Amino acid sequence: MDLSLTPIPEQFYQRTEVTDIARELLGMHLVTRIGGDITGGKIVETEAYRGITDRASHAYGGRRTARTGTLYSHGGIAYVYLCYGIHHLFNIVTGPEDTPHAVLIRGIEPLYGVDLMLSRRNMPSLKPQISAGPGALSKALAIDRRHNGLELNRGEIWIGDAPGLDSKEEIISSARIGVAYAKEDALLPWRFSLKGNPFVSRPRPK
DNA sequence: GTGCGGATGAACT
DNA sequence: GTTCATCCGCACT
2 MDLSLTPIPE QFYQRTEVTD IARELLGMHL VTRIGGDITG GKIVETEAYR
52 GITDRASHAY GGRRTARTGT LYSHGGIAYV YLCYGIHHLF NIVTGPEDTP
102 HAVLIRGIEP LYGVDLMLSR RNMPSLKPQI SAGPGALSKA LAIDRRHNGL
152 ELNRGEIWIG DAPGLDSKEE IISSARIGVA YAKEDALLPW RFSLKGNPFV
202 SRPRPK
């Protein structure tokens, strides 16, 4: 495994176009080092949440609470929150301070510490469900709410710049998942994924 | 203080 | 396709 990948500098996250950042994160490597244990993989699915104008965002309308305060920090820190009382969802805050944009990481292809990821997921063998979906990948990487507000690139959670996508890998955009409550914004094509990659999550069937 | 429901996953039928 | 797990954020009283 190649962990010599250069961590993405903070400036990458502090740009203002969160949709560009979400797209560009595809193919890069999300890695955690929790208690000395390294796990991680290639990002294959992301979603952009665009601050106060996006009905799907926790910061819609400028809402700022104990939970969403993290979103108003500068780009390059983790926003982790508990969803449905069970699942920890990992986002990266982007933009300058007071611009509450974020990218939700929704799927990774395991590359590092796969056996440990299997163990954390209670799975005997590698299947896409190990890390396809935001709650699943957080469990596989041992990310939880303790990491909310954590600065990336400090040795616990970081994203490494990868060689780039293979020429046959295609990026597609689609509507975000699970945001029906966002009304017209639910249809924005702000979900990005690598076409055909098995570690991309699937929308809930009707 | 109370009540509702969620950026989901997995086990059911 | 349906149901349930399981907790807290957040709006409202």
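This note's numbering puts the first residue of the first sequence at 2, with every later residue one more than the last. All C-beta atoms, glycine included, are put in the ideal place defined by N, C-alpha and C. Remember, it's a predicted structure, so these values are computed and weren't measured experimentally.
Taking only three categories from DSSP, how would you classify residue i?
| i | result |
| --- | --- |
| I160 | strand |
| V32 | strand |
| I172 | strand |
| R68 | coil |
| P129 | helix |
| R192 | strand |
| E98 | coil |
What are the boundary residues of the beta strand (DSSP E) that includes residue i?
| i | result |
| --- | --- |
| R51 | D38 to R51 |
| S74 | Premise fails: S74 is in no beta strand (DSSP E) and is neither H nor E. |
Closest to residue i by CA distance: which of the options is it?
| i | options | result |
| --- | --- | --- |
| R65 | R146, G52 and W159 | G52 |
| V201 | N154, G150, I78 and I131 | I131 |
| R122 | G108, L112 and L138 | L138 |
| G77 | P129, L90 and V19 | V19 |
| V81 | I160, E157 and R68 | R68 |
| Y182 | Y61, A143, R34 and T100 | Y61 |
| P204 | W191, K140, A143 and R177 | R177 |
| L166 | N198, P190, E157 and L151 | N198 |
| S175 | W191, G156 and K207 | W191 |
Using a Cβ-Cβ cut-off of 6 Å (strictly less than) and excluding sequence neighbours within five positions of residue i, which residues of its own chain qualify?
| i | result |
| --- | --- |
| Y170 | The amino acid at residue 170 is misidentified as Tyr; the sequence shows Glu. Within the same chain, E170 has close Cβ partners L195. |
| K38 | Looking at the sequence provided, one finds Asp at residue 38 rather than Lys. Once the five neighbours on either side are set aside, the close Cβ partners of D38 are L117. |
| G134 | S202 |
| I35 | A143 |
Looking only at DSSP bridge pairs, what is residue i linked to?
| i | result |
| --- | --- |
| V104 | A49 and I93 |
| A79 | I93 |
| H59 | According to DSSP, which records beta bridges pairwise, H59 is partnered with nothing at all. |
| P111 | G42 |
| P8 | G161 |
Following the continuous alpha helix (DSSP H) through residue i, name the residue where it begins and the one where it ends.
| i | result |
| --- | --- |
| F200 | First-last for F200: undefined, no H or E at that position. |
| L142 | P135 to L142 |
| Y14 | E11 to Y14 |
| S120 | V115 to R122 |
| V180 | First-last for V180: undefined, no H or E at that position. |
| A23 | V19 to E25 |
Tell me which residues share the same chain as residue i and place their Cβ nearer than 7 Å to its Cβ, disregarding the 5 neighbours each side in the sequence.
| i | result |
| --- | --- |
| I173 | S194 and K196 |
| D186 | D55, R56 and A57 |
| I109 | L31, G42, K43, I44, V45, S132, L138 and F200 |
| T47 | A23, L26, L27, V104, L105, I106, R107 and F193 |
| V180 | A57 and A187 |
| D162 | L6, T7, I9 and M29 |
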